[in-house]
Amino acid sequence: MRVAFTLNGKPVEAKVEPRTLLATLLREGFGLTGTHVGCDTGQCGACTVHLDGRAVKSCLVLAAQADGRSVLTIEGVADGEVLHPLQAAFRDRHALQCGFCTPGMVMSGLDLVARLDSPDEAAIRHGLDGNLCRCTGYRPIVEAIAHCIREKG
Amino acid sequence: MFPFDYLRPQSAAEAVAAHDGGERRYLAGGQSLLAALKLRLAQPSALIDVARLPELTGTRVEDGRLVVGAAVPHAGMAALPHIPALALLSGSIGDLQVRNMGTLGGALANADPASDHAAGVLGLGAEIRTDRRTIAADDFFLGMFETALEPGELIVAVGYPLPRRAGYAKVRNPASGYPVAGVFVAETDSGIRVAVTGAAACPFRLTEFEMALEGDFSPAALEGLGVPPDALNRDLHASAEYRAALIPVLARRALGLGGGS
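Taken in sequence, the protein lines are chains A and B.
Going by full-length UniProt numbering, the first residue of the first sequence is number 1, and it counts up by one from there.
Going by full-length UniProt numbering, the first residue of the second sequence is number 1, and it counts up by one from there.
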């Protein structure tokens, strides 16, 4: 079957099997390997992308479900060479160690920055429930997200 | 996943017509279904995507009920102001990404024994509206992953009576996010309701608790009441005895009328 959707602001089309996962299409079809597949069971959140502006796990979404919608991956977050403020906040606070979970953390973080009115630590941590970091780097990640919520205010 | 066909009809009527009553399955958010398909626990011949059907989206208040479309995601329900306990319940399901995709109708049709929504639907005495009839919450849940839905029957919306007061409390498994046990209490125009999820094959009401709360809607009214462990779940997360001990505690917490955790 064919799917057509907006990917990082540009219209794209692809031929997929109905069972093709969005994560697989992004990585293998479009070469956007910034979307990481950590567990492939919907636990770790490394594959998080935005579907119509909301964070979702692309290993638990069919490519067919994205048809006609808008997808944002980590590759579409920066403005050219200029990091998005949340990416800059991650860099400034060393909010990553090995970096494997980072794309998913940033995509969930962007959803939280858009959604939360105040930089409440408990709310941010609740919002990051679906993203696992095995380097236990949560504190700087929470701080980076809190910083961006404060800055938008 | 085994191969399957994918269909996306444009209306609820088309979706129902596309369901053969057999090996085809409706797909809403897919947060439980796709995980099950990956484990090859099911082999549908086709998935019928109902997530964007206009009849299944949107919320409204009519005749004293909050009517929520079956395809409304948990995150959407978490933002609804009408029933704070239901918003808190919805905002406590799974994680951020699951709440953005997973839907009310999908959760009810799946009927996971630890479904949060099951507690809200049964605790508020909601009605489940399908393409062909209205099913009372008391008649909907039949067993583990088993509901009163007929083959091919599609949930369109859920009508929640607006309660005078309601609360929900649960103990959440820290790994899965599912409730080890959860209790929803509500004072509605038609009486007190206390519903438990996560503790047995399907959600159930505690009529003894409800009667005790009729005269005194407070934690003190539940003094001395308990639940026998005989019919409760025992699994790697908790023994039946532990769940039996949790339920009165959670009922009292829910009567604090917060969201609990």
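Even glycine gets a Cβ: it sits at the ideal position worked out from N, Cα and C.
Since this is a predicted model, take the numbers as computed values, not measurements.
The beta carbon of Leu62(A) sits closer than 8 angstroms to some beta carbon of chain B. Just so you know, the alpha carbons of Val61(A) and Ala126(B) end up roughly 29 angstroms apart.
When the beta-carbon positions are compared, Asp111(A) and Ala55(A) come within less than 8 angstroms of each other. Think of a sphere of 8 angstroms around the beta carbon of Thr41(A): the chain B residues whose beta carbon falls inside it are Ala35, Lys38, in chain order. Considered as a whole, the stretch 189–254 of chain B harbours 207–215 as its complete alpha helix (DSSP H) runs of no fewer than 4 residues, in chain order.
Residues are counted here when their Cβ sits less than 8 angstroms from a Cβ of chain B; for the stretch 48–61 of chain A these are Thr48, Leu51, Arg54, Ala55, Val56, Lys57, Leu60, Val61, given in chain order.
Following the DSSP letters along the chain, one finds Ala46(B) inside the beta strand (DSSP E) bounded by residues 46–49. In this structure, the CA atom of Gly215(B) is about 8 angstroms from the CA atom of Ala221(B).
Taken through DSSP and simplified to helix, strand or coil, Ala157(B) comes out as strand. For the 8 angstroms CB-CB criterion, Ala71(B) and Thr57(B) form a contact.
Cys133(A) and Ala95(A) have their C-alpha atoms spaced approximately 10 angstroms apart. Closest in C-alpha terms to Lys170(B), from the list Ala186(B), Gly69(B), Thr197(B), Asp189(B), comes Thr197(B). Restricted to the stretch 94–166 of chain B, the beta strand (DSSP E) segments that are unbroken, complete and at least 3 residues in length are 127–130, 134–136, 141–143, 155–161, listed in chain order.
Counting along the chain, the unbroken beta strand (DSSP E) around Phe5(A) starts and ends at 2–7.
Spanning the alpha carbons of Arg24(B) and Arg252(B) requires a straight line of approximately 43 angstroms.
Ile135(B) and Gly45(A) have their C-alpha atoms spaced approximately 36 angstroms apart.
Residues of the stretch 6–30 of chain B that bring their beta carbon within less than 7 angstroms of a beta carbon in chain A comprise Tyr6, Gly30, in sequence order.
By the C-beta criterion, the stretch 2–17 of chain B is judged not to be in contact with the stretch 118–125 of chain A, since fewer than 3 inter-stretch pairs fall below 8 angstroms.
When DSSP states are grouped into helix, strand and coil, Asp92(A) belongs to the helix group. One alpha carbon belongs to Ala42(B), the other to Ala109(B), and they sit about 15 angstroms apart.
In chain order, Gln97, Cys98 place their CB closer than 6 angstroms to the CB of Cys135(A), counting only its own chain and leaving out the 5 sequence neighbours on each side. In this structure, the straight-line span from the alpha carbon of His147(A) to that of Ala89(A) is close to 7 angstroms. With respect to chain A, the C-beta atom of Gly177(B) has a partner C-beta closer than 8 angstroms.
Counting C-beta pairs with one atom in each stretch, the stretch 112–129 of chain B and the stretch 153–167 of chain B have three or more that are closer than 8 angstroms, which means they touch. Close to chain B, meaning a Cβ-Cβ distance shorter than 9 angstroms, are the following residues of the stretch 9–38 of chain A: Glu17, Pro18, Arg19, Leu21.
Listed along the chain, the chain B residues whose CB falls inside 7 angstroms of the CB of Gly127(A) are Leu96. Annotated three-state conformation of Asp111(A) is helix, per DSSP.
Rounded to the nearest angstrom, the gap between the Cα atoms of Gly42(A) and Leu22(A) is 13 angstroms.
The beta-carbon distance between Arg243(B) and Val180(B), rounded to whole angstroms, is 7 angstroms. This is short enough to meet the 8 angstroms contact definition. The beta carbon of Phe217(B) does not come within 8 angstroms of any beta carbon belonging to chain A, so the residue lies off that interface.
Counting only the Cα atoms, Glu75(A) lies some 11 angstroms from Glu81(A).
Within the same chain, Lys15, Val16, Glu17, Pro18, Ala64 come within 8 angstroms of Met1(A) by CB-CB distance, once the 5 residues on both sides are set aside. Taking 8 angstroms as the cut-off, the beta carbon of Val3(A) is found closer than this to the beta carbon of Ala66(A).
Here the C-alpha atom of Phe2(B) lies approximately 12 angstroms from the C-alpha atom of Leu47(B). Using a Cβ distance threshold of 8 angstroms, Ala111(B) and Glu146(B) count as a contacting pair. Here Thr24(A) carries a helix assignment [DSSP, helix/strand/coil].
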